[in-house]
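To keep things clear, I will list the structure first and then write my remarks on it.
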Amino acid sequence: MTSTPSLPLALVRLARPHQYLKNLFVLLPLFFGWKLAGPGAVQQGLLALAVFCLASSAVYVLNDLKDVEDDRAHPVKKNRPLAAGTVSPGQAVAFMFVLGCGAFGLAVAFLPPVFLAILAGYALLNVSYSFKLKHLAIVDICCISVGFVLRVFAGGAATGVAPSHWIVMMTFLLALFMGFAKRRDDLLLACNGAKTRKCLDGYNLEYVSTAMSMMAAVVIVSYILYTTSPEVIAKHGSDKLYLTAFWVIAAILRYLQITFVEEKSGSPTKVLIKDFFIQACIVLWIASFYLILYTDGRAL
């Protein structure tokens with residue numbers, strides 16, 4: 133007999149803490165802006181990360197409230213706390229209110245006004261997404277990608293580091309790549325009678341697979357152009373950044389293998405949590421980039 137989880141545990145599941153990996157994009161300006169050695173900037177960056185974790189959890193609660201009936205028809209999402217009935221709608225609304233107030237309260241108290249404006253834009257985008265935009269093909273994936281870009285801009289505002297156009301564009305492209313992978317998984321579920329997204333009418337496997345492959349190629353080329361750009365070489369004081377491209381290419385090829393061969397793309401966050409090969413590529417990319425930036429390169 134399966135026991136019913138306690139309310140605190142159910143609320144934690146409702147907040148989806150495993151999705152906080154996405155919020156690490158807030159720290160990209162800190163990493164690429166040579167600010168890891170500055171305790172003040174690191175503190176502000178971590179605070180911004182915490183704010184986005186609270187805000188994103190509030191968004192997930194709103195999304196689950198909006199989609200509770202559809203989730204009950206989904207083979208996996210039916211186990212979410214609202215769909216399973218372990219959290220009532222009233223409790224979810226109260227929890228969402230606490231999370232949202234916590235996020236905006238911290239932003240008002242400790243972070244600059246520009247960060248607060250970006251956070252408000254992020255909230256508005258996700259409310260629009262939950263109620264309407266996620267039902268529009270292509271628009272839905274673009275909204276998700278813009279959400280990642282807003283995280284980068286928010287991290288820049290919090291730490292005082294302006295993100296370069298390279299980081300902004302590659303963040304958007306990478307998010308598109310993962311978004312198409314998620315839609316492909318949704319389409320496979322729909323083929324088995326579990327269609328839960330209206331936007332799937334605007335997609336098919338051929339289109340999504342082609343778009344995903346195209347995004348993978350564009351991400352790789354963009355990253356290589358970034359690492360070999362004279363502007364970037366001059367900024368970081370090193371011409372060896374191209375060496376980090378090997379890990380990026382390997383990780384994307386592995387993600388394509390998971391999607392097309394194993395057909396397990398599903399949630400990008402869960403893929404990152406479970407797949408050792410991609411985890412190793414990310415760790416090696418961070419390590420190699422750090423060594424080049426902070427030992428071979430010059431601090432700004």
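First residue of the sequence shown: 133, per this note's numbering; consecutive thereafter. C-beta atoms are modelled at their ideal positions from N, C-alpha and C, and glycine is treated no differently. No experiment lies behind these values; they were computed from the predicted model shown.
- Query: Is PHE285 near ILE250, with beta carbons less than 7 Å apart?
  - Reply: Sequence index remark: in the sequence shown, residue 285 carries index 153 (1-based). Sequence index remark: in the sequence shown, residue 250 carries index 118 (1-based). Contact: yes.
- Task: Report the residue from GLY253, SER262, LEU139 and VAL415 whose alpha carbon sits nearest the alpha carbon of ALA226.
- Result: As a working note, residue 226 is residue 94 in the sequence shown. It is LEU139.
- Message: Give me, in chain order, the residues of the same chain whose beta-carbon lies closer than 8 Å to that of LEU423; leave out the 5 immediate sequence neighbours on both sides.
- Response: Taking the sequence shown and counting its residues from 1, one reaches residue 423 at position 291. Here the set comprises nothing.
- Message: Could you compute how far the alpha carbon of LYS266 sits from the alpha carbon of ILE276?
- Response: The residue you call residue 266 lines up with position 134 of the sequence shown. The residue you call residue 276 lines up with position 144 of the sequence shown. Straight-line Cα distance between these residues: approximately 9 Å.
- Message: Can you confirm whether the region 348-362 touches the region 294-303 when touching is taken to mean that 3 or more C-beta pairs between the two stretches lie within less than 8 Å?
- Response: yes
- Query: Hey, how far is the Cα of GLY287 from the Cα of ALA241?
  - Reply: The count along the sequence shown starts at 1 and reaches residue 287 at position 155. The count along the sequence shown starts at 1 and reaches residue 241 at position 109. Looking at the two C-alpha atoms, the distance is approximately 16 Å.
- Message: Please return the same chain residues whose Cβ sits closer than 8 Å to the Cβ of MET344, not counting the five positions on each side in sequence.
- Response: By 1-based counting over the sequence shown, the position of residue 344 is 212. PHE309, PHE312, ALA313, ARG316, LEU388 and THR391, listed in sequence order.
- Message: Looking only at its chain, what residues have a beta carbon closer than 6 Å to the beta carbon of ALA383, apart from the 5 residues adjacent to it on each side?
- Response: Position 251 of the sequence shown, counted from the start, is the residue given in the question as residue 383. Excluding residues within five positions, the ones whose Cβ falls inside 6 Å are ILE410 and CYS413.
- Query: What is the rounded straight-line gap between the Cα of ALA142 and the Cα of VAL191?
  - Reply: Stepping through the sequence shown from its first residue, residue 142 is reached at position 10. Stepping through the sequence shown from its first residue, residue 191 is reached at position 59. If I take the Cα positions, the gap works out to 16 Å.
- ALA252 and VAL183: beta carbons closer than 7 Å? Counted from its first residue, the sequence shown places residue 252 at position 120. Counted from its first residue, the sequence shown places residue 183 at position 51. No, these two residues do not count as a Cβ contact at 7 Å.
- Rounded separation between GLU201 and ASN258 - CA only: Here residue 201 refers to the residue found at position 69 when the sequence shown is read from its first residue. Here residue 258 refers to the residue found at position 126 when the sequence shown is read from its first residue. The straight-line gap from Cα to Cα measures roughly 19 Å.
- Query: Taking the C-alpha atoms as reference points, what is the distance between ILE365 and ASP371?
  - Reply: In the sequence shown, the residue the question calls residue 365 occupies position 233. In the sequence shown, the residue the question calls residue 371 occupies position 239. Distance between the alpha carbons of ILE365 and ASP371 is about 5 Å.
- Item | C-beta atoms of LEU332 and ALA322 nearer than 7 Å | As a first step, residue 332 must be located in the sequence shown, where it is residue number 200. As a first step, residue 322 must be located in the sequence shown, where it is residue number 190. The answer is yes: Cβ separation under 7 Å.
- Item | Helix, strand or coil at GLU338 [DSSP, three-state] | Walking along the sequence shown from the start, residue 338 turns up at place 206. DSSP places GLU338 in helix when its eight states are reduced to three.
- Message: I'd like the list of long-range same chain contacts for TRP298, defined as Cβ closer than 6 Å, with 5 residues on each side in sequence excluded.
- Response: Counting from 1 along the sequence shown, the entry for residue 298 is found at position 166. If we look at TRP298 and ignore the five residues flanking it on each side, its Cβ neighbours are TYR358.
- Message: Three or more C-beta pairs under 8 Å: does that hold for the region 171-179 against the region 146-155?
- Response: Taking a cut-off of 8 Å for Cβ pairs, the region 171-179 and the region 146-155 do not touch, as fewer than three such pairs fall below it.
- Query: Excluding the five sequence neighbours on either side, which residues of its own chain have a C-beta within less than 8 Å of the C-beta of VAL158, listed in chain order?
  - Reply: For the purposes of this step, residue 158 is taken as the residue at position 26 of the sequence shown. Cβ neighbours of VAL158 beyond the five flanking positions: GLY177, ALA180, LEU181, PHE184, ARG283, VAL284, ALA286, GLY287 and ALA290.
- Item | Where TRP166 falls: helix, strand or coil (DSSP) | Stepping through the sequence shown from its first residue, residue 166 is reached at position 34. The answer is coil: DSSP assigns TRP166 none of H, G, I, E or B.
- Message: So for GLU363, helix, strand or coil by DSSP?
- Response: On the sequence shown, residue 363 is found 231 positions in, with the first residue counted as 1. Correct three-state label for GLU363: helix.
- Compute the beta-carbon to beta-carbon distance between LEU160 and PRO295, rounded to the nearest angstrom, for a pair I have assumed lies under 8 Å. Position 28 of the sequence shown holds residue 160. Position 163 of the sequence shown holds residue 295. The Cβ separation is near 7 Å, so the contact holds.
- Message: Measuring straight from C-alpha to C-alpha, what distance separates VAL230 and VAL415?
- Response: For this step, residue 230 is matched to residue 98 along the sequence shown. For this step, residue 415 is matched to residue 283 along the sequence shown. The straight-line gap from Cα to Cα measures roughly 34 Å.
- Leaving out the 5 sequence neighbours to the left and right, which residues in its chain are closer than 7 Å to SER354 when beta-carbon positions are compared? Here residue 354 corresponds to residue number 222 of the sequence shown, with the count starting at 1. Closer than 7 Å at Cβ, skipping near neighbours: MET301, MET302 and LEU305.
- Grouping DSSP H, G and I as helix and E and B as strand, with all else coil, what is LYS330? The residue labelled residue 330 in the question sits at position 198 within the sequence shown. Residue state, collapsed to three classes: helix.
- Message: Could you compute how far the alpha carbon of ALA194 sits from the alpha carbon of GLN223?
- Response: Locating residue 194 in the sequence shown gives position 62, where the first residue counts as 1. Locating residue 223 in the sequence shown gives position 91, where the first residue counts as 1. According to the sequence shown, residue 194 is Leu rather than Ala. So the alpha carbons of these two residues sit roughly 12 Å apart.
- Task: Please list, in chain order, all residues of the same chain as LEU186 whose beta carbon is under 7 Å from its beta carbon, the five residues on each side excluded.
- Result: Locating residue 186 in the sequence shown gives position 54, where the first residue counts as 1. Result list for LEU186: LEU231, GLY234 and ALA235, in chain order.
- Hey, how far is the Cα of PHE280 from the Cα of ILE273? On the sequence shown, position 148 is the one that residue 280 refers to. On the sequence shown, position 141 is the one that residue 273 refers to. The alpha-carbon atoms of PHE280 and ILE273 are separated by roughly 11 Å.
- Item | Distance CB(LEU168)-CB(ASP196) smaller than 7 Å | Residue numbering aside, residue 168 sits at position 36 when the sequence shown is read from its first letter. Residue numbering aside, residue 196 sits at position 64 when the sequence shown is read from its first letter. No, Cβ-Cβ distance for LEU168 and ASP196 is not below 7 Å.
- Task: Please state whether DSSP places ALA294 in a helix, a strand or coil.
- Result: In the sequence shown, counting from the first residue as 1, residue 294 sits at position 162. ALA294: coil per DSSP, three-state reduction.
- Query: What are the boundary residues of the alpha helix (DSSP H) that includes THR401?
  - Reply: To locate residue 401, count along the sequence shown from 1; it is residue 269. Looking at the DSSP string, the run of the alpha helix (DSSP H) that includes THR401 is 400-406.
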